[in-house]
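Numbering (my numbering), first residue to last: 1 to 147.
Glycine included, every Cβ here is placed at the ideal spot set by N, Cα and C.
Encoded as C-alpha cells, the structure appears first; notes follow it.
Here it is in C-alpha cells:
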C-alpha cells in the first residue's frame with residue numbers, strides 16, 4: 001500500500017512537472033510575438049503623430065511650429081527609417097511620408113499633405129521633436145530643423 005501511494009505521488013509530480021515545462025516553453029515565444037506587435041503599433045502611432053503635426057503647421061502658415069512627443073521602438077531600423085522620402089527622392093512634391101522601419105515588422109508609414117523633411121531621433125525611446133513650417137524657398141515642413 002505504501003509503495004502504491006508513493007508511486008501515485010511520484011506520477012502526479014512528474015505530470016505536473018511536464019505540464020509546467022510545456023507552459024514555460026510556450027510563454028517566451030508568445031511574449032516575443034506580443035512585443036513585436038506592440039512595437040509595430042508604437043511605430044505606426046509615431047509616424048502618424050509627425051504626419052498630423054506637419055499638416056497642422058502647414059495649414060497654420062509660415063513660421064508656425066509645434067512640439068510633439070514620439071516613441072521610437074527598440075527594434076527600429078534607423079537606416080531604413082525616414083521623414084519625407086528615401087534619400088534618393090529629389091522631387092519635393094513626393095516628399096510627404098513619415099516612415100519608421102521596425103526590424104521584425106517592416107515599414108510603418110503615414111502621409112502628410114505638405115512636403116516634409118528631417119530626421120528621426122537616432123536612439124530608441126521617447127523623444128520631443130519640433131515640427132515647423134518654412135514657406136521661403138522650397139516651401140516645406142522641417143522636422144527637428146533637419147533639412
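Suppose the cutoff is 7 Å on Cβ atoms and the five residues either side in sequence are ignored; what does the same chain contact list for residue i look like?
| i | result |
| --- | --- |
| residue 142 | 117, 118, 132, 134 |
| residue 85 | 94, 95, 97 |
| residue 57 | 64, 65, 66, 131, 132, 133, 141 |
| residue 124 | 72, 73, 74, 76 |
| residue 126 | 69, 71 |
| residue 34 | none |
| residue 144 | 118, 119, 129, 130 |
Can residue i and residue j be called in contact, C-beta distance under 8 Å?
| i | j | result |
| --- | --- | --- |
| residue 39 | residue 75 | yes |
| residue 71 | residue 114 | no |
| residue 47 | residue 100 | yes |
Which residues share a DSSP beta bridge with residue i?
| i | result |
| --- | --- |
| residue 69 | 128 |
| residue 133 | 141 |
| residue 76 | 102 |
| residue 83 | 98, 118 |
Helix, strand or coil for residue i per DSSP?
| i | result |
| --- | --- |
| residue 52 | helix |
| residue 109 | strand |
| residue 43 | helix |
| residue 36 | helix |
| residue 60 | helix |
Can you tell me the Cα-Cα spacing of residue i and residue j, whole angstroms?
| i | j | result |
| --- | --- | --- |
| residue 91 | residue 69 | 28 Å |
| residue 43 | residue 136 | 31 Å |
| residue 122 | residue 128 | 12 Å |
| residue 104 | residue 80 | 13 Å |
| residue 109 | residue 147 | 19 Å |
| residue 107 | residue 8 | 55 Å |
| residue 102 | residue 78 | 9 Å |
Using a Cβ-Cβ distance cut-off of 8 Å, determine whether residue i contacts chain E.
| i | result |
| --- | --- |
| residue 8 | Looking at the structure shown, chain E is missing, and only one protein chain is on hand. |
Between residue i and the rest of its own chain, which residues show a CB-CB distance below 6 Å, the 5 nearest in sequence each way excluded?
| i | result |
| --- | --- |
| residue 112 | 51, 54, 55, 96 |
| residue 120 | 81 |
| residue 49 | 68, 70 |
Please work out which residues of its chain come closer than 8 Å, Cβ to Cβ, to residue i, disregarding the five sequence neighbours upstream and downstream, and give them in chain order.
| i | result |
| --- | --- |
| residue 61 | 133, 135 |
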